[in-house]
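Asker:
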Amino acid sequence: MITTLAVVDAAELIRIGIREVISASDQMKLVGEFTHLEQANGFFENTPVHVLVLGNTHTYAKLVQDLTKLHQQVPDMKVLLLANSFNVEQIEELSMIGVLGFVCKDEQLANTLLFAVHPVARGELFLSPRVARSLLKANQGDETNPLNPRQMQVVHYMVQYLTPQEIAVKMKVSPSSIYSLQHRIRQVLGVKTTGQILIEAMKRGWVGQEGEAKS
Numbered sequence: 569m570i571t572t573l574a575v576v577d578a579a580e581l582i583r584i585g586i587r588e589v590i591s592a593s594d595q596m597k598l599v600g601e602f603t604h605l606e607q608a609n610g611f612f613e614n615t616p617v618h619v620l621v622l623g624n625t626h627t628y629a630k631l632v633q634d635l636t637k638l639h640q641q642v643p644d645m646k647v648l649l650l651a652n653s654f655n656v657e658q659i660e661e662l663s664m665i666g667v668l669g670f671v672c673k674d675e676q677l678a679n680t681l682l683f684a685v686h687p688v689a690r691g692e693l694f695l696s697p698r699v700a701r702s703l704l705k706a707n708q709g710d711e712t713n714p715l716n717p718r719q720m721q722v723v724h725y726m727v728q729y730l731t732p733q734e735i736a737v738k739m740k741v742s743p744s745s746i747y748s749l750q751h752r753i754r755q756v757l758g759v760k761t762t763g764q765i766l767i768e769a770m771k772r773g774w775v776g777q778e779g780e781a782k783s
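If you're matching positions, the sequence shown starts at 569 in our numbering and goes up one per residue.
(1) What's the C-alpha gap between Ile590 and Val575?
(2) Pick from Arg698, Tyr729, Lys740: whose alpha carbon is nearest that of Arg718?
(3) For Gln640, which of helix, strand or coil comes out of DSSP?
(4) What's the call for Ala629, buried or exposed, on a 16-neighbour Cβ count within 10 Å?
(5) Can you give me the Cβ contacts of Pro714 inside the same chain, cut-off strictly under 6 Å, excluding the 5 residues immediately before and after it?
(6) Would you tell me roughly how many angstroms separate the C-alpha atoms of Val617 and Ile582, rounded to the nearest one?
(7) Quick one, are the C-beta atoms of Arg752 and Ile765 less than 8 Å apart?
(8) Going along the chain, which residues of its own chain have a beta-carbon closer than 6 Å to the beta-carbon of Ile746, five neighbours each way excluded?
(9) Helix, strand or coil for Leu622? Go by DSSP, reduced to three states.
(10) Any idea if Gly763 is buried or exposed, counting beta-carbon neighbours within 10 angstroms, 16 or more meaning buried?
(11) Helix, strand or coil, according to DSSP, for Ala769 in the structure here?
(12) Evaluate the contact criterion for the segment 645 to 652 versus the segment 684 to 692: three or more CB pairs, one atom per stretch, below 8 Å.
(13) So if DSSP puts Glu601 in a beta bridge, which residue, or which two residues, is it bridged to?
(14) What does the alpha-carbon distance come out to for the pair Ser783 and Asp634?
(15) Counting only the same chain and skipping the five closest in sequence on each side, list residues whose C-beta sits under 6 Å from that of Ala678.
(16) Can you give me the C-alpha to C-alpha distance between Ala578 and Lys738, rounded to a whole angstrom?
(17) Applying the criterion that 16 or more other CB atoms from any shown protein chain within 10 Å of the CB defines a buried residue, is Lys760 buried or exposed?
(18) Could you give the residue range of the alpha helix (DSSP H) that holds Val667?
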């Protein structure tokens, strides 16, 4: 299946770089390119876009306002956001209005975008390595871990952005077992979505600097 993307960024160099990355992949197709969201008025309602790559050049309040409106108009479209930095509270809030990918603008976009697009298109949270490192520095983490070793093993594979089917192969169990484990993890951590498991793992310091779950 081809993943369709649109890019919105005021910086021409960013748009050119993203265009080149997408054109080099036979699994992605660029269907729209704009300098700002207002320019794309009506486009997303009429053109199927799986993932919007959005460069944030507005204040955070304006970003939330724009994305809330966009999420109401096209709730199935996922957003991969490029910004200078993120904090946990922003990630939690933005993930509720369609933003699932968080990438710092000064990262190597070629490698990061190729790795990020597919989990975001599947509806999974993606934190780039630099975002993960910045969150780790900002949070001391919780030394107490309510998850058992098997549940932590699932988290270990989740932070590598493996699908439940791929995790099942690694752990030599059925996919339904992985779904059950993820459901139990959500209950234990008091979160509602699979993406929030990753956010909670970051807050508690369970994820290493390169995105690997700590043992």
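The beta carbon of each residue, even a glycine, is placed where N, CA and C say it ideally should be.
Answerer: If we stick to the structure as given:
(1) Numbered from 1 along the sequence shown, position 22 holds the residue referred to as residue 590. Numbered from 1 along the sequence shown, position 7 holds the residue referred to as residue 575. Straight-line Cα distance between these residues: approximately 10 Å.
(2) Here residue 718 refers to the residue found at position 150 when the sequence shown is read from its first residue. Nearest C-alpha to Arg718: Lys740.
(3) The residue given as residue 640 occupies position 72 in the sequence shown. The answer is helix: DSSP assigns Gln640 an H, G or I state.
(4) Counting from one through the sequence shown, the residue named residue 629 turns up at place 61. Counting Cβ neighbours within 10 Å, Ala629 comes out exposed, since fewer than 16 surround it.
(5) In the sequence shown, counting from the first residue as 1, residue 714 sits at position 146. Result list for Pro714: Val756, in chain order.
(6) Residue mapping note: residue 617 aligns to position 49 of the sequence shown, counting from 1. Residue mapping note: residue 582 aligns to position 14 of the sequence shown, counting from 1. Roughly 19 Å separates the two Cα atoms.
(7) Stepping through the sequence shown from its first residue, residue 752 is reached at position 184. Stepping through the sequence shown from its first residue, residue 765 is reached at position 197. Not a contact, by the Cβ cut-off of 8 Å.
(8) Within the sequence shown, numbered from 1, the residue matching residue 746 stands at position 178. So the list reads Pro732, Ile735, Ala736, once near-sequence residues are dropped.
(9) Here residue 622 refers to the residue found at position 54 of the sequence shown. Correct three-state label for Leu622: strand.
(10) For the purposes of this step, residue 763 is taken as residue 195 along the sequence shown, with counting starting at 1. So Gly763 counts as buried.
(11) Locating residue 769 in the sequence shown gives position 201, where the first residue counts as 1. It is helical.
(12) yes
(13) Here the question's residue 601 lines up with position 33 in the sequence shown. Per DSSP, Val575.
(14) Residue 783 sits at position 215 when you count from the first residue of the sequence shown. Residue 634 sits at position 66 when you count from the first residue of the sequence shown. Legend: pLDDT at Ser783 = 47, less than 50; position of this residue unreliable, value from coordinates given subsequently. Each residue's Cα considered, the two are about 40 Å apart.
(15) Taking the sequence shown and counting its residues from 1, one reaches residue 678 at position 110. Excluding sequence neighbours, Ala678 sits near Val589.
(16) For the purposes of this step, residue 578 is taken as the residue at position 10 of the sequence shown. For the purposes of this step, residue 738 is taken as the residue at position 170 of the sequence shown. Rounded to whole angstroms, Ala578 to Lys738 spans 42 Å at the Cα level.
(17) Taking the first residue of the sequence shown as 1, we reach residue 760 at position 192. Lys760 comes out exposed.
(18) By one-based count along the sequence shown, residue 667 stands at place 99. Where Val667 is concerned, there is no enclosing alpha helix (DSSP H), although the beta strand (DSSP E) it sits in stretches over 667 to 672.
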